[in-house]
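Novice: Sharing a structure, written as structure tokens. Questions coming.
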Amino acid sequence: MTSETSRESSRVGITLETYILEGMMGHPAATGAFTSLLNQVALAAKLITSKVRRAGLANVLGYTGQTNVQGEEVQKLDEVANETLIQALGRRGHCAAIASEEMEEVVLLHKDPRARYVMVFDPLDGSSNIDVNISIGTIFGILRRHDHSGPATERDFLLPGKELLAAGYILYGSSTMVVLTTGAQSGVHGFTYDPTVGEFFLSHENIRIPDKGKTYSINEGNYPLWTEPVRRWNAWIKEDDKTTGRPYGQRYVGSLVADAHRTLLKGGIFAYPADTKSHDGKLRLLYEANPFAFVFEAAGGKATTGTDRILDIVPTRLHQRTPLVLGSPRDVDIFEEFMRGR
Ligand code: AFP
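For any residue, its number in the numbering used here is found by taking its place in the sequence shown, counting from 1, and adding 6.
The structure is reproduced here in structure tokens:
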């Protein structure tokens, strides 16, 4: 391949806006509503980044939840991120309603029947990590309403994750990245933010998770609460066996976006299983597990509860929890074998 053709076939370096626009051009019947929604997510990503990057100054400007030197109340960063997303998504009239980790109930944005989409998000996941300057993130998913003749209700959100039209996350790490997919056909792409020009550029084109990894990611402090199969899998993954690449290394940030992002790029397994304290696991199905399951499957990975595919679960509640196991197909398969009694 000549350098000219390889340059032509790679889209690395295009902006997120161009990528979204090209996606719309590939669908002649598109109205632009979905495109506009994705663009508003990109805008929110820039706005939240600018706030997150100043988080370390909270004690200079006033601790969050207290008053700053100007005597103004300083809003908590997760509330700021939530407000920013609501404002951005409410602006164009395409998003009928949102469900957020920050709010008990669904928030209606537009009653107009032309608002055909609803969005789920966790505005700032891993927020307990803010004070210690560790990566945090925003998780989002977009669903199409089945019936948009009347105002949106909770029913519009209680759909299995396989119905997502798009999902992704924004990682506020050493740089800010948006990782986005509209499904396996379009692939999973990562865009890195250049703060000097205020744009996201395609930096990770067509992310594919390795078939097998070398690390496992789990809160091992929960060992006493784990079920027997989880303990057996945990002992197995730490055994010394060169032929199967064990022992695996352990990595755990405690910020789902950071742990899942590393697992997506490097392979391996992330698990937050059910335990004797949390029978349904800790993580939330609609705005944590489903968007990540959608991303991982589109990248060739797997996402299960340990026994069942995440994207098949039909939710009954907005803030429902689920056990979550994400990762390389071979690593998730082995976890499932242990759950079945290996
Ligand atoms: P916070 O938003 O309270 O920091 O919780 C983060 C989180 O929901 C998710 O991002 C992590 O994967 C998980 O909880 C960590 O939970 P443990 O602290 O129990 O390991």
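Every residue gets a Cβ at the ideal spot worked out from N, C-alpha and C, and that includes glycine.
Can you pull the DSSP bridge partners for H195?
Specialist: Answer is L186.
Novice: Name the DSSP bridge partner or partners of R315?
Specialist: Answer by DSSP bridge pairing, in chain order: T310.
Novice: For G62 and V185, I'd like the C-alpha separation in whole angstroms.
Specialist: Using only the alpha carbons, I get a separation of about 25 Å.
Novice: Compute every distance between the C-beta of S141 and the non-hydrogen atoms of ligand 1, then say whether any falls below 6 Å.
Specialist: No, since every heavy atom of ligand 1 falls outside the 6 Å radius drawn around the Cβ of S141.
Novice: Apart from the five residues on each side of it in sequence, which residues of its chain come closer than 7 Å, Cβ to Cβ, to V140?
Specialist: Val is not the amino acid found at residue 140; the sequence shown has Ile there. So the list reads V259 and S261, once near-sequence residues are dropped.
Novice: Give a yes or no on whether the C-beta atoms belonging to V263 and Y175 are separated by under 7 Å.
Specialist: Yes, these two residues count as a Cβ contact at 7 Å.
Novice: Check whether the Cβ atoms of A103 and L115 lie closer than 7 Å to each other.
Specialist: Yes, they are a contact pair.
Novice: With DSSP as the reference, please indicate the residues paired to M125 in a beta bridge.
Specialist: In DSSP, M125 forms a bridge with I104 and I148.
Novice: Residue range of the alpha helix (DSSP H) that A280 falls in?
Specialist: Premise fails: A280 is in no alpha helix (DSSP H) and is neither H nor E.
Novice: Based on Cα-Cα distance, which residue from R17, L22, V18 and S16 lies nearest to F206?
Specialist: It is L22 whose Cα lies nearest to the Cα of F206.
Novice: Would Q46 be called buried (16 or more neighbouring beta carbons within 10 Å of its own) or exposed?
Specialist: Burial call: buried.
Novice: Measuring CB atoms only, is the segment 292–310 touching the segment 162–176, in the sense that at least three cross pairs come out at less than 8 Å?
Specialist: Yes, since at least three Cβ pairs between the segment 292–310 and the segment 162–176 fall closer than 8 Å, the two stretches touch.
Novice: Pull up the DSSP beta-bridge partners for V331, would you.
Specialist: Bridge partners of V331: A277 and T310.
Novice: How about G132: is its Cβ closer than 6 Å to a heavy atom in ligand 1?
Specialist: For ligand 1, at least one heavy atom lies less than 6 Å from the Cβ of G132.
Novice: Helix, strand or coil for H37 per DSSP?
Specialist: The question names His, yet the displayed sequence has Thr at residue 37. Of the three classes helix, strand and coil, the one that applies to T37 here is coil, per DSSP.
Novice: Determine the direct distance from the alpha carbon of V236 to that of R268, and round the result to whole angstroms.
Specialist: Computed Cα separation, rounded: 22 Å.
Novice: Please state the DSSP three-state secondary structure of T159.
Specialist: DSSP places T159 in coil when its eight states are reduced to three.
Novice: Expressed to the nearest angstrom, what Euclidean distance is found between the alpha-carbon atoms of A277 and I224?
Specialist: When rounded, the distance between both Cα atoms is 5 Å.
Novice: Please report the residue range of the beta strand (DSSP E) in which A295 lies.
Specialist: Taken as a continuous stretch (DSSP letters only), A295 belongs to no beta strand (DSSP E), as it is neither H nor E.
Novice: Following the continuous alpha helix (DSSP H) through Y25, name the residue where it begins and the one where it ends.
Specialist: L22 to M31 is the span of the alpha helix (DSSP H), which, as asked, contains Y25.
Novice: Which class does G227 belong to by DSSP, given the choice of helix, strand or coil?
Specialist: DSSP places G227 in helix when its eight states are reduced to three.
Novice: Pick out whichever of Q256, H195, Y293 and G306 has its Cα sitting closest to the Cα of R336.
Specialist: Per the Cα distances, G306.
Novice: Would you say the beta carbon of L262 is closer than 6 Å to some non-hydrogen atom of ligand 1?
Specialist: Yes, since a heavy atom of ligand 1 falls inside the 6 Å radius drawn around the Cβ of L262.
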